[in-house]
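S.K.: There's a structure below that I have some questions on.
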Amino acid sequence: MKNTLIAPSVLAADFGNLQRDLEMINTSEADWFHIDIMDGVFVPNISYGMPVLETIQKHAKKTIDVHLMIIDPDRYIKTFASLGANVLSVHYEACTHLHRTLQAIKAESMKAGVALNPHTSVTLLEDIINDIDVVCVMSVNPGFGGQSFIESTYKKVRQLKEIISRNKATTLIEVDGGVTNKNARQLAEAGADVLVAGSYVFKAENQLETIADLKKITAI
Ligand code: DX5
Ligand code: ZN
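Numbering of the sequence shown is given in the UniProt record's numbering, commencing with residue 1 and proceeding in unit increments.
Shown next as structure tokens:
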């Protein structure tokens, strides 16, 4: 059976009760902490930065998955390594020398991820797939939580899965944005290995149960 990983997005947490929400993720069946870093330039929003990540690092007992929505991410690779990132994803659209950036991430002992905007074709990764640990397929336009899922993502995930298999790569497929119990199973069936869920988890009355339910419906 396939164990689909669930990564709650801390962007949707209650920052007045951040420690409580981080402990909820620790206690839950979730696998990763998803951390969205936005610079107000690459995306039209600013999220949170280093001081908040220090708090997250202090309390998080699971993999820390950092999604950089920033221009020129090479500037901050060492900083995020020191802040406890286990997976560091940069945007394809923000990197001129993606191969070099991925090597720099790995040199800091992190897993190297590449995130793709909805308009960016997975076929652009054909020549670099064996160097990527995680592809983060954006199923909304990056910048905000709580947006609706873009349906063409299923096709993109299937295409990417095919590229990974054909190249005998071990790359994980992560899907980020608008994930709910309505699309999670179909995403797992299409080939997704990691599902990010922000508002769906944090707006739920019973967050632990919501995460457990996502685990259950994606175990295929
Ligand atoms: C969007 C972020 C997502 C976001 C997901 O720019 O990359 O990780 O937090 O939030 P939901 O699940 O609410 O779409
Ligand atoms: Zn994200």
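All residues carry an ideal CB built from backbone N, CA and C; glycine is no exception.
Let me have the residue list for the ligand ZN: C-beta closer than 5 Å to any non-hydrogen atom, ordered along the chain.
M.R.: 36, 67, 176
S.K.: Along the beta strand (DSSP E) that carries residue 111, what are the first and last residues, could you check?
M.R.: 111-116
S.K.: Indicate whether residue 31 and residue 64 have their beta-carbon atoms separated by less than 8 Å.
M.R.: No.
S.K.: On the DSSP bridge assignment, give the partners of residue 63 in chain order.
M.R.: 32
S.K.: Work out the CA separation of residue 170 and residue 203 for me, nearest whole Å.
M.R.: 33 Å
S.K.: Identify, in the order they occur along the chain, each residue of the same chain with its Cβ nearer than 6 Å to the Cβ of residue 88, setting aside the five sequence neighbours on each side.
M.R.: 66, 80, 105, 110
S.K.: Roughly how many whole angstroms lie between the Cα atoms of residue 124 and residue 28?
M.R.: Cα-Cα distance, rounded: 36 Å.
S.K.: When you compare the region 154-168 with the region 128-135, are there three or more beta-carbon pairs, one atom per stretch, that lie closer than 8 Å?
M.R.: Touching, yes, given that three or more Cβ pairs across the two stretches are closer than 8 Å.
S.K.: At what residue ranges does the region 98-150 contain a whole run of the beta strand (DSSP E), taking only runs of 3 or more?
M.R.: 111-116, 134-138
S.K.: Checking 8 Å against the spacing of the C-beta atoms, do residue 287 and residue 113 come in under that value?
M.R.: Outside the displayed range of the chain (1 to 220) lies residue 287, so it cannot be described from this structure.
S.K.: Report whether the distance from the Cβ of residue 9 to the nearest heavy atom of the ligand DX5 is below 7 Å.
M.R.: yes
S.K.: List the DSSP bridge partners of residue 208.
M.R.: In DSSP, residue 208 forms no bridge with anything.
S.K.: Run through DSSP, which three-state label would residue 157 get?
M.R.: For residue 157, the three-state secondary structure derived from DSSP is helix.
S.K.: Using 7 Å as the cut-off, classify the Cβ of residue 49 as near or not near the heavy atoms of the ligand DX5, replying yes or no.
M.R.: no
S.K.: Along the alpha helix (DSSP H) that carries residue 82, what are the first and last residues, could you check?
M.R.: It spans 77-82 - the alpha helix (DSSP H) in which residue 82 sits, taken as one unbroken run.
S.K.: Check whether the Cβ of residue 69 lies closer than 7 Å to any heavy atom of the ligand DX5, and answer yes or no.
M.R.: yes
S.K.: For residue 211 and chain D, any beta-carbon pair shorter than 8 Å?
M.R.: Reference to chain D is not applicable here, since this structure consists of a single protein chain.
S.K.: Bridge partners for residue 39 per DSSP, in chain order?
M.R.: 46
S.K.: Cβ of residue 91 versus every heavy atom of the ligand DX5: is any distance shorter than 7 Å?
M.R.: no
S.K.: Whose C-alpha, out of 147, 193, 83, is nearest the C-alpha of residue 158?
M.R.: 193
S.K.: With distances taken between CB atoms, is the gap from residue 143 to residue 69 smaller than 8 Å?
M.R.: yes
S.K.: With a threshold of 7 Å (Cβ to nearest heavy atom), would residue 34 be considered close to the ligand NAP?
M.R.: Only the ligand DX5 and the ligand ZN can be found as ligands here, which leaves the ligand NAP out of the picture.
S.K.: Drop a sphere of 10 angstroms on the beta-carbon of residue 51, count the other beta-carbons inside from all chains shown, and report buried for 16 or more, exposed for fewer.
M.R.: exposed
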